[in-house]
Amino acid sequence: MMEFSGGISLIAIILPIGLLVLGFALIKIGFWPRRKGKMPHCPECGYALVGNQSGTCPECGRPWTEATTVRGERHRSNGIGFAGVAVALLGLSIGGGVWLTDINWYHYLPVSLIVGDAGSSDPTVARQAWNELARRRAIAPLPDSVETKLTEIALKEQASASPGPMLDAMLEFVGQRFLDKKLTEQQADRFFLDSVNLSVHTRSMVSAGDVVPVQVRTRGRGPSAGWSYRLTLKKLKIGERTIQMGSSMGGSGIGGAGSFTTYENGQPAGQYPVEAQALVEIFHAPNTGTAAPLWSRELTLKTTLKVVSQSPDDMVSLADRPQLAEQIRRSIKIERFTRQPDGSYEMSIHIEKPPIDAAFSVFARAAGKEFRLGDIAVDTKTTMTSFLHPSNIGEIPPGKVVVILRSDAGIARKTIELVEIWKGEIVLDDVELTEQKK
237 MMEFSGGISL
247 IAIILPIGLL
257 VLGFALIKIG
267 FWPRRKGKMP
277 HCPECGYALV
287 GNQSGTCPEC
297 GRPWTEATTV
307 RGERHRSNGI
317 GFAGVAVALL
327 GLSIGGGVWL
337 TDINWYHYLP
347 VSLIVGDAGS
357 SDPTVARQAW
367 NELARRRAIA
377 PLPDSVETKL
387 TEIALKEQAS
397 ASPGPMLDAM
407 LEFVGQRFLD
417 KKLTEQQADR
427 FFLDSVNLSV
437 HTRSMVSAGD
447 VVPVQVRTRG
457 RGPSAGWSYR
467 LTLKKLKIGE
477 RTIQMGSSMG
487 GSGIGGAGSF
497 TTYENGQPAG
507 QYPVEAQALV
517 EIFHAPNTGT
527 AAPLWSRELT
537 LKTTLKVVSQ
547 SPDDMVSLAD
557 RPQLAEQIRR
567 SIKIERFTRQ
577 PDGSYEMSIH
587 IEKPPIDAAF
597 SVFARAAGKE
607 FRLGDIAVDT
617 KTTMTSFLHP
627 SNIGEIPPGK
637 VVVILRSDAG
647 IARKTIELVE
657 IWKGEIVLDD
667 VELTEQKK
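Numbering (the working numbering), first residue to last: 237 to 674.
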């Protein structure tokens, strides 16, 4: 069926119009029918002029002549007339209901009311408000007071524990406001700090003398298209000991999750403050290393390291649950195992949310020998692809090899979160080692 804007069908337009036409026709027939007969009547008030020779209507006093008199009488039918009224009202009610619902009254609301809806917890209301504001902005600039309120709403949503469906649109809006130099310095700081949301972490407890993992993590929300960032760990301080660093990471888009971990020498038992000095740089261009950042800040991130006088073996427990072996095996896929033209090796391992936290040393077995390829650690919430690049392991014969993932508590101790891992060994037969051609 043919439809018009707003989803109105053709019949929804024709039906009420037809009822209105019919209703008015019945009203005309019932209350103002055509005159019949030749009896003269005053053209002004309709008084019967039979026998009147004065030339003046005795009822209203209007002069009349044979040419101006109205001849014939109306025989009204109130039943038909009232039926016409009912039909016309029915047409008006149907048409009014359909046509009024087709009008987007939101287009006519004051902008102050729409701004209030933009921060609604109801996703339907918030989406409607942002779409309407975008429509109006495309026609003409919104007042600065309105844009300022929208900026605060967007910054609040960015920092919310459970942001709504309009977050991406809000982030792009604030990003453009920054490029247009419409943000205050305080607003820009809030925006970019929440875009990267940096923090530093270490294990809850580390055995005295054991390696100390320190992880700098970004878990932020920011605009993606056209933006990039670079994060540089400049200095790390554990207790009174300062370590000069130079590790960095970056990527396209700001927001999302990322991390890098460094490992430091063990400490005697005690509690130590940990400080990481990091430089955050934001670009509105690909991160080529040559562009100047549009925004940058040096941040000092803090946490606490607790070192205990316990055996390293006590820091990670092994869960002896052999019944999980098959589930773990199904969660692991060797995507690629290649020997590069320079003689080095690369293995790509994909793991998707195993049923239990796991940490493995990875080996390849061929020609009666085992070759250690690297290690991998994953928790139950994570889907990841890990790339292993073993060096100085000797030559592995090409063809079919066996890949072994062997539980290793030492690898778990180098992570931040893993305190219990699965105990056992996963064996993957018939993994193809291919030669990468030049």
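By construction, the Cβ of each residue, glycine as well, lies at the ideal position given by its N, Cα and C atoms.
According to DSSP, residue pairing for Q480 in a beta bridge involves K471. A direct Cα-to-Cα measurement between P269 and R312 gives close to 6 Å. Relative to P633, the option among H586, M620, R642 and F573 whose CA is nearest is F573. Residue range V347 to A354 is occupied by the alpha helix (DSSP H) that includes L349. Inclusion of R608 and V637 in the CB contact set at 8 Å is not warranted, their separation being larger than that value.
Short of 6 Å from the beta carbon of Q451, and not among the five residues preceding or following it, lie these beta carbons of its own chain, in chain order: H437, S495, T497 and I652. At a Cβ-Cβ threshold of 8 Å, V448 and V552 do not count as neighbours. Contact between the stretch 295–315 and the stretch 340–353 is not established, with fewer than three Cβ pairs separated by less than 8 Å. When beta bridges are read from the DSSP output, P359 appears opposite no residue. Setting aside the 5 residues that flank it on each side, A397 has no residue in the same chain whose C-beta is closer than 8 Å to its C-beta.
Per DSSP, reduced to three states, the secondary structure at D644 is coil, with no helix or strand assignment. Judged by DSSP secondary structure, G491 falls outside any alpha helix (DSSP H) and instead within the beta strand (DSSP E) spanning G491 to E500. By the criterion of a C-beta distance shorter than 7 Å, G462 is surrounded in its chain by H520, once the five residues flanking it on both sides are discounted.
According to the DSSP secondary-structure assignment, H311 is paired through a beta bridge with no residue. P276 and V321 have their alpha carbons spaced roughly 30 Å apart.
Counted as a single uninterrupted DSSP element, the beta strand (DSSP E) harbouring E668 occupies residues E661 to E671. With respect to the 8 Å criterion, A324 and G266 are not classified as neighbours on the basis of their beta carbons. In the structure shown, R453 falls within a strand segment according to DSSP collapsed to helix, strand and coil. Remark: fewer than three beta-carbon pairs, one from each stretch, lie closer than 8 Å, so the stretch 470–478 and the stretch 573–587 are not flagged as touching. Beta-bridge annotation (DSSP): F519 is paired with S464.
G486 and P379 have their C-alpha atoms some 37 Å from each other. The criterion of a C-beta distance shorter than 8 Å is satisfied by F623 and S584. CA-to-CA, the gap between L515 and Y581 works out to about 34 Å. When the beta-carbon positions are compared, A561 and I647 stay at least 8 Å from each other. In the DSSP assignment, A594 falls within the unbroken beta strand (DSSP E) covering A594 to A602. The beta carbon of C296 lies closer than 8 Å to those of C278, E280, C281 and Y283 in the same chain, with the five residues before and after it left out. Taking a C-beta distance under 8 Å as the contact criterion, V544 and A645 do not qualify as a contact pair. By the neighbour-count criterion, in which 16 or more other beta carbons inside 10 Å mark a residue as buried, L386 falls on the buried side.
In the displayed model, R565 falls within a helix according to three-state DSSP. Of the candidates C293, L328 and S290, L328 places its Cα closest to the Cα of I250. Per DSSP, M275 lies in no alpha helix (DSSP H) segment; the continuous beta strand (DSSP E) that holds it begins and ends at K272 to H277. Approximately 5 Å separates the beta-carbon atoms of L419 and R413; this is inside 8 Å, confirming the contact.
Here V286 is exposed, its C-beta having fewer than 16 other C-beta atoms within 10 Å.
Counting along the chain, S431 sits inside the alpha helix (DSSP H) bounded by residues E421 to V432. Taking the Cα of R426 as reference, the smallest distance to any Cα among A405, P294, R439 and A395 is reached at A395. Annotated three-state conformation of L285 is coil, per DSSP.
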